[in-house]
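Chains as they are written, first to last, in the working numbering: chain C, 13 to 608; chain V, 423 to 662.
All C-beta atoms, glycine included, are put in the ideal place defined by N, C-alpha and C.
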Amino acid sequence: MSSRRSKVAPQYDVIVVGSGAGGGMSAYQLSVQGLKVLLLEAGRDYDPVTETPMFQTPKDAPLRGSGNADKPFGFYDATVDGGWRVPGEPFTTAPGSQFSWWRSRMLGGRTNHWGRISLRMGPYDFKPKSRDGLGEDWPMTYDTMAPYYDKAELLIGVYGGDDDLENTPRSSPGVLQPPPAARSYELLTKQACEPLKIPVIPAHRAVLTKRQDSARLPAKLHPGNALAQRVLRQSMNERMACFYATDCGRGCSIKANFQSTTVLIPPAMATGNVTLITDAMVREVSLDAQGKASGVHYIDKLTRVDHHVTAKVIVLAASACETSRIMLNSKSTLFPSGIANSSGVVGKYLMDTVGAGLSAQIPRLEGLPPVNEDGTAGIHMYMPWWNYGEQKAGKMSFARGYHIEFGGGRGMPGPGIFGGLESFTQGAYGRKFKEEARRYYGSFMYFDGRGEMIPNEDSYCEIDPSAVDQWGIPVLRFHWKWSDHETRQAAHMQQTFAEIIEKMGGTVQGTVQTDGSKAIATGGSIIHEVGTVRMGSDPKKSVLNEFGQTWDVKNLYVTDGATFVSNADKNPTLSILALAWRSCDHIVEELKRGNL
Amino acid sequence: MSDELHDAQHDELREDTKPMSNPMARRDALKAMAVAAMVPMLPESAAASPAPASREPLPLLDELQQQAKRKGPRGTPSDPVLQVAKADWPRKLLLRELATLGALCDMIIPADGKSPAASTVGAPGYINEWASRPGGDSSLVRVRGGLAWLDRESQARFGKRFHLATNAQRTAICDDICYQPKAKPEHQFAAQFFDTIRDQTATAFYTTPQGWKDLGYIGNVAIPTFEGPNAEIRRQIGLE
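Following this line, the structure appears as structure tokens:
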């Protein structure tokens, strides 16, 4: 940054820290309302339009595109300087705790590579404690959030069906995009699940199956706001519908799926109200003499110069644990244990999603004629949780539900294809191997459970006093423990998958675990870590009110997954977007009233 | 970047042009000195001119250029250039080893009426890339050890190296090592090696256009609408 610029520091209304789901939505909503926003991103500038490897094949990549420690989800995955480790930015785990922290360092954050699965939390999910006495209730109800879910879905574009099941609410009419046709293995799974009374319904994913109605939607989403309507219309016109090729995890150059960098940041920048600084690693929120947040300190990663910028309102959306880290590192006389942490809750009640999986070989899928099953490069169907009644009646050994994501079929052959064929073919090679490969291709499937974890006292993050990262910022130390509710749920997943596979006439690959602690994925590895700066209705037990505003510092807000009170089995991104929108409406109103 | 720094760097570049006003004379002088003293050129260059070293690396400029590069991939392992991908590490297998490997790859995936043999689409080259990768030492040991074993076994049984043996002779060896549960104790390592090469040959072969065609993978093309399975497939899998 030039010396000229720091001499005449621009006055910002709001500083937004982070540009992913929460930060991107915040920058968009605040800038279209006419506020001057400084958007700080710890990673580099990233442009999906020019950088996405559309149609590139594994053959063109090193090691046929397979993953490694530098690119865990494969060479083409849209993750920059990230994964389970970030160069020069370590974290630690407490003895006896296993936790993996996924981060990325790029504009748009993790929205560039996610699975786009966009499930609403339902009425039970907002009041879990009222229902079964465990965990904590959110300070608002589903009915309060439903309009924001509608608006978020319309803004980003989500396909899905109109099923209306228990605690799996439908969107308002006309909100969702048409769901794509089911693939052969999805139809077969649906058939097998009918006698098991497991519903198999269209998945909800943030992918456009048709172009957005740019003539109507901007006015519907931003009534009376000409600026917002103009920039959103332009942004929607730049988005194409899915052409059913290229894995969504690479990002999307035609902007058919949702990523902050194609859907939120372009219209935010088009308002002229946003200043974006990338490679800006925020380390601390500063406090003024009146106990209000005055700005943030960040390190410019390319020059290693420390900067201080100021604004009327500070919005943290650095990703759940990174937001906690910034708050815990923001110590002052007023807040010796971190800014806005009079409750001591910052860092506490860290949650991930419960994950367990099982693979299968399905003879009925063998030797099918060629058919293009790429589809939207993600799930078209899924199973929402179906045992709410049994749980309510106390008939199950775990309290919360899970949904099932499943896949397989005739996808793009990539590295590791036919890795297990030795056992299936008793060691075939030669012409026999080629015949077996033709026969088995497309007949393998996987089932993944994604379940709710109940927040507990033993899962949290804190500052590790013995380590700093390469920017000199104290790092996080993670503590982690599953309860029986999660491990039993993981065992139930295994049993369910085995039943479905049996009904399909298939063969389980590997072992069906009856011990859930052997089936459950490591904490953090599902990459749905949320909580640590939770909302609540009691300032002694929570950090934020229902608008994401800290109880202690009224001009400090949090709009990322850190705000979560519970972690329903519904993948968190859509809820982060809806919650962030609501928080921004509150910021705008409070600024107008002169309250911040 | 600060303007002062930028200007300083700019001046340094201008200084650089001064000695070049008489390039021939300077080059001759340098050459003579280099020959006479057998000293590296760069220190001499610095000594020859009181101006800042013209051919020294310019850390300040490099740094500033790097700092200005906020957009686009930085070409590191965790931020590679995705559009022009390269596996740019040195390959370690010798030609001699590649000959044996190629013969084994083609025993696993030979040509048939539908598609070519594995070596035709570059499987040995890919396995060399894989076994030579940074951090892949144990893979390299397995591949090299296995290839050496294969040649010695072929020599012992048939008096010639594996790739020079007949198809029937090669088949005799492969039959002994193609399936770990049934391989004799003395063939356990060779059977592990064989399975590794089978997996890697399949990866190499079935990620090529020829391999895709063989399997009937017809995706990775833009299509306007996505249809579910047709009636024939629905009937075949038992949906109708």
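Judged by DSSP secondary structure, C:Pro486 falls within the beta strand (DSSP E) whose first and last residues are Pro486 to His491.
At least 8 Å separates the beta-carbon of C:Leu556 from that of C:Tyr161. In the structure shown, the three-state DSSP call for C:Tyr197 is helix. Of all residues in the stretch 198-212 of chain C, only Leu199, Leu200 and Gln203 place a beta-carbon less than 8 Å from a beta-carbon of chain V. Counting C-beta pairs closer than 8 Å gives fewer than three between the stretch 301-314 of chain C and the stretch 155-173 of chain C, which falls short of the contact rule.
Just so you know, the alpha carbons of V:Ala653 and V:Leu661 end up roughly 9 Å apart. Shortest Cα-Cα distance from C:Val321 to any of C:Ser298, C:Cys333 and C:Leu328 involves C:Ser298.
Any Cβ of chain C closer than 8 Å to the Cβ of V:Ser576 would place that residue at the interface, and such an atom is absent. Nearest Cα to V:Gln622 within the set V:Leu586, V:Ala570, V:Leu517 and V:Arg564: V:Arg564.
C:Gly34 is positioned such that its CB atom lies no closer than 8 Å to that of C:Ser578. Between the alpha carbons of C:Glu469 and C:Ala580 lies a gap of roughly 18 Å. Beta-carbon to beta-carbon, C:Arg451 and C:Thr290 are separated by about 50 Å, too far to satisfy the 8 Å threshold. Beta-bridge analysis with DSSP links C:Pro214 to C:Met393.
Inter-residue distance for C:Lys202 and C:Gly261 is about 26 Å (C-alpha atoms, whole angstroms). In this structure the stretch 475-491 of chain C lies against the stretch 99-118 of chain C, because at least three pairs of beta carbons, one per stretch, are closer than 8 Å. Judged by pairs of C-beta atoms under 8 Å, the stretch 610-619 of chain V does not touch the stretch 629-644 of chain V, as fewer than three such pairs exist. Counting the other CB atoms within 10 Å of its CB gives C:Phe410 a total of 16 or more, which places it among the buried residues. In this structure, DSSP gives C:Leu380 a state outside helix and strand, which the three-state scheme calls coil.
Within its own chain, the residues whose Cβ lies closer than 6 Å to the Cβ of V:Ser541, once the five positions on either side in sequence are excluded, are Gly524, Cys527 and Asp528, listed in chain order.
DSSP places C:Ile277 in the uninterrupted alpha helix (DSSP H) bounded by Ile277 to Ala282. As summarised for the stretch 141-190 of chain C, there are no continuous beta strand (DSSP E) elements at least 3 residues long confined to that stretch.
Contact of C:Leu239 with chain V is not assigned, every C-beta pair being separated by 8 Å or more. When C-beta distances to chain C are compared with 7 Å, the residues of the stretch 613-627 of chain V below that value are Asp617, Arg620, Asp621, Ala624 and Thr625, in chain order. The three-state reading of DSSP puts C:Pro425 in coil, since its state is none of H, G, I, E or B. Of the other Cβ atoms in all chains shown, 16 or more fall within 10 Å of the Cβ of C:Val212; this residue is therefore buried. In the three-state reduction of the DSSP assignment, C:Arg462 falls in the strand class, which pools E and B.
Chain C places a beta carbon closer than 8 Å to that of V:Ser500, counting this residue as a contact. C-alpha of C:Ala449 to C-alpha of C:Ala240: approximately 54 Å in a straight line. Around C:Ser112, the same chain offers Trp96, Thr534, Gly536 and Ser537 as residues with beta carbons nearer than 6 Å, after the five sequence neighbours per side are excluded. For C:Thr69, the chain V residues whose C-beta falls within less than 9 Å of its own C-beta are Thr629, Thr630, Pro631, Trp634 and Asn642, listed in chain order.
For the stretch 519-536 of chain V, the residues whose beta carbon sits under 7 Å from a beta carbon of chain C are, in order, Met529, Ile530, Ile531, Pro532 and Asp534. For C:Asp72, the nearest CB of chain V lies under 8 Å from its own CB, placing it at the interface with that chain. A check of alpha carbon separations from V:Trp552 across C:Met516, C:Gln271 and C:Pro427 identifies C:Pro427 as the nearest.
Among the residues of chain C, those whose CB is under 8 Å from the CB of V:Lys508 are Pro74, following chain order.
At a cut-off of 8 Å between beta carbons, C:Phe459 makes no contact with chain V.
A residue is called buried when at least 16 other Cβ atoms come within 10 angstroms of its Cβ; C:Asn583 meets this threshold and is buried.
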